[in-house]
Each structure stands twice: as C-alpha cells, then as structure tokens.
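Here's the structure we're looking at; comments come further down.
Numbering (my numbering), first residue to last: 23 to 185.
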C-alpha cells in the first residue's frame, strides 16, 4: 500500500468529480462533514457493507445502495454494471444533490463503473475522460483488466450507436 505522510494514498488524494453530481472516492471519506461539504444526498457502495460507514446506510436507507462488486483480475467489472447503471440513474432523478460513489479505496470498482456510466450516458470520449479523471485522482484505475473491459464496452457501444 502506498502512503503519503501517515495516510494511505487513497485517503490523501481528494475524491474525483466524474460529472457535475457524481463524486468518486473511498468509503472512509464518508463522514457527516464530508456529506455537508459536497452536498452528498445518495451513496452507491460498489464494494460491501463493511466498506461503507454504518451511519449513512442506517440513517438514509432509501438513498443508499450496495453493489457487491469484486476487484480482481479474474472478474469482469461489467457483471455489476447493469445494477449500478439502474441505481445511479434512479438516484440522479431523485433530486439535485451529489451522489457519492465509492468502493473500499475509491480506486477501481467505483471508478470504472462510474467511468463507464458517464462515457455511455453523456457521450464522452473514453480515453480523454479517463486521462482527465486520472489527473484529478492519480491513484484510480489500477486494474488493467477492468480498463480493457470497460474501454471495449464503451467504444463498442459508441461505435454502434446511431446519431
């Protein structure tokens, strides 16, 4: 694990704005003051319940979802995309607050699922968007298998789309 000072790198780096109302970071970032600062109204945990603070999911059960994705080179991140896509679309329709998308460290599961969403839903170019987001939060996107899966999905989907 990489450290910056006494903090792990994933906690030392700020969360990343993927779109105007979609913020991605680590589950540990989710505190009441963080929610106030970023106007967090909904949370999608791309990992497991233990990776998200109990206080939010207990207080705001209808505004919290847990996807349960695994982060290994042996899994396809797109196996969890349909549920993620449906949940994020629903949460975006529920108001004008920020949706915080996280996994354990805010590096792979949450980042790749959110990247796939914004590139397919908002017509953003995958490589440029990937690089722009990587500049915001350099620790993201370390799972090269997830990158290949999402890039092929997005580019195949965009190439086949009718304008």
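Where is the CB? At the ideal position from N, CA and C, for every residue including glycine.
Give me whichever residues DSSP pairs with residue i in a beta bridge.
i: residue 124; result: 47, 67
i: residue 41; result: 44
i: residue 88; result: 67
Step through the CB atoms of chain D and report whether any lies within less than 7 angstroms of the CB of residue i.
i: residue 44; result: Any reference to chain D falls outside this structure, which holds one protein chain only.
Specify, as a first and last residue, the run of the beta strand (DSSP E) that residue i falls within.
i: residue 57; result: Looking at the DSSP string, residue 57 is not in any beta strand (DSSP E); the run it does join, the alpha helix (DSSP H), is 54–60.
Buried or exposed for residue i, please, with buried defined as at least 16 other CB atoms from any protein chain shown within 10 angstroms of its CB.
i: residue 178; result: exposed
i: residue 135; result: buried
i: residue 144; result: exposed
i: residue 184; result: Note that residue 184 has pLDDT 43, beneath the 50 cutoff, so the model's placement of it is unreliable and no number is given.
I'd like the span of the alpha helix (DSSP H) that includes residue i, first residue to last.
i: residue 131; result: 131–143
i: residue 34; result: 31–34
i: residue 82; result: First-last for residue 82: undefined, no H or E at that position.
i: residue 110; result: 103–115
Going by C-alpha distance, which of the options is nearest residue i?
i: residue 74; options: 54, 43, 97, 48; result: 48
i: residue 142; options: 176, 131, 111; result: 176
My assumption, with CB atoms under 8 angstroms, is that residue i sits in contact with residue j. Please give the rounded CB distance.
i: residue 46; j: residue 123; result: 5 angstroms
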